[in-house]
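Just below is one structure, and these are the notes that go with it.
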């Protein structure tokens, strides 16, 4: 049975690799809904920013603070009437050059307050001539060339890097990685699949923001544990209190970020219940095995979460999950089945028992 599943998984993997090789690099004129672009002013100043390619908007737009950073003067610029969801308003128009996928687009863009929007740059239909927007995909190009940005370039962006459909397609890959780490390597984490959801949170919020929030919540959870121990509350009540505290902290941070003009959805990106459950597992490990083991497993959990986030943002993985999500998910499911059939010693156990095995072999030989 397992052999048949392995053959089927191998065949489907070959099909995916062939598909990925054939379509790994999008055509030079294909862009995603969200891309990194370089905006340059006539004076020579330029910045790289995240841009939304919106086929529903006729003209392009940039944020007023971005215009100031580029040295542009909207106050002395001509104005144009723009119809938006807020009604008809007059906006100043300035000239810039937008670079995307290695091509330059001379554009007349209107200047508006985009602090509350998802991107500081919007590219409308007037400046998309010759470009095709691939709906449901993002980060297909760099500003200076028509190839997907690397994992390191995407993972630190404080914006959702994967759409829900793509995330669903990559969950079986995350499950496969967890099975390999636990059954083959012997890695122990705080919760079996907690690192998976934390990693997905890092993908959606940005790695640095996610790590800072997680470590802060871990420390807060340990402080709460000290207080709750004196109250002798039951486990369900402890978890309920912890969930409420985590949600309150994230809500306050989100509110503060919104007031400062930051649109990152930390409260939605960092899974509250999962974070609380992981912290509870940290409590239990601390009580049963001591602070050293708890600290080690917390560090391992964070490392696995970062590994998962980096894996999900690998260009080839994103490409397959976006273009053939069902086939990709099925292939990962089959390989997970194969990996789960392993019954031998884990790598950590082999390393632990290796000295004893060598001593036993030396004794038999003598």
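Residue numbers (this note's numbering): 740 to 1105. In this text, a Cβ means the ideal position worked out from N, Cα and C, and glycines have one as well. All figures in this text were calculated on a predicted structure; none of them were measured in a lab.
Tell me whether residue i is buried or exposed, calling it buried when 16 or more other Cβ atoms sit within 10 Å of its Cβ.
i, result
"residue 1080", "exposed"
"residue 1038", "exposed"
"residue 802", "buried"
"residue 1057", "buried"
"residue 1043", "buried"
"residue 882", "buried"
"residue 855", "exposed"
"residue 977", "buried"
"residue 991", "exposed"
"residue 962", "exposed"
"residue 792", "buried"
"residue 1051", "buried"
"residue 868", "exposed"
"residue 1067", "buried"
"residue 1092", "exposed"
"residue 1030", "exposed"
"residue 948", "buried"
"residue 943", "buried"
"residue 953", "buried"
"residue 1014", "buried"
"residue 1032", "exposed"
"residue 1055", "exposed"
"residue 828", "exposed"
"residue 981", "buried"
"residue 1040", "buried"
"residue 818", "exposed"
"residue 974", "exposed"
Which class does residue i belong to by DSSP, given the choice of helix, strand or coil?
i, result
"residue 770", "strand"
"residue 937", "helix"
"residue 958", "helix"
"residue 862", "strand"
"residue 891", "helix"
"residue 1125", "Here the chain has residues from 740 to 1105 only, and residue 1125 is not among them."
"residue 932", "coil"
"residue 1087", "helix"
"residue 796", "coil"
"residue 927", "coil"
"residue 979", "helix"
"residue 886", "coil"
"residue 992", "helix"
"residue 944", "helix"
"residue 782", "coil"
"residue 914", "helix"
"residue 953", "helix"
"residue 902", "coil"
"residue 856", "coil"
"residue 764", "Because residue 764 carries a pLDDT of 45, less than 50, the predicted location of this residue cannot be relied on, and the following value inherits that uncertainty. The answer is coil: DSSP assigns residue 764 none of H, G, I, E or B."
"residue 896", "coil"
Run through the DSSP bridge pairs and tell me what residue i is partnered with.
i, result
"residue 789", "775"
"residue 851", "802"
"residue 879", "Its beta-bridge partners do not exist; DSSP assigns none."
"residue 871", "769"
Less than 6 Å separating the Cβ of residue i from some heavy atom of the ligand HEM?
i, result
"residue 833", "Annotation note on the ligand HEM: not contained in the displayed structure, which lists no ligands."
Shorter than 7 Å from the beta carbon of residue i to some beta carbon of chain D?
i, result
"residue 933", "Included in the structure is just one protein chain, with no chain D present."
Inset, instruction - Taking only runs that begin and end inside the region 806–848, name each unbroken alpha helix (DSSP H) of 4 or more residues, in chain order. - result: none
Inset, instruction - Tell me, please, whether the region 773–790 touches the region 799–810 by the rule of three or more beta-carbon pairs shorter than 8 Å. - result: yes
Inset, instruction - Flag this pair as touching only if the region 862–873 and the region 903–913 have three or more C-beta atom pairs under 8 Å; answer yes or no. - result: no
Legend entry - Minimum length 4: unbroken alpha helix (DSSP H) runs contained in the region 1013–1084: 1030–1051, 1054–1062, 1064–1079
Legend entry - Segment contact, 8 Å Cβ cut-off, at least three pairs: the region 926–937 with the region 1017–1033: yes
Inset, instruction - Decide if the region 1061–1074 is in contact with the region 909–924; the criterion is three or more beta carbon pairs, one per stretch, under 8 Å apart. - result: yes
Legend entry - Validate contact between the region 768–780 and the region 833–847 using beta carbons, cut 8 Å, 3 pairs: yes
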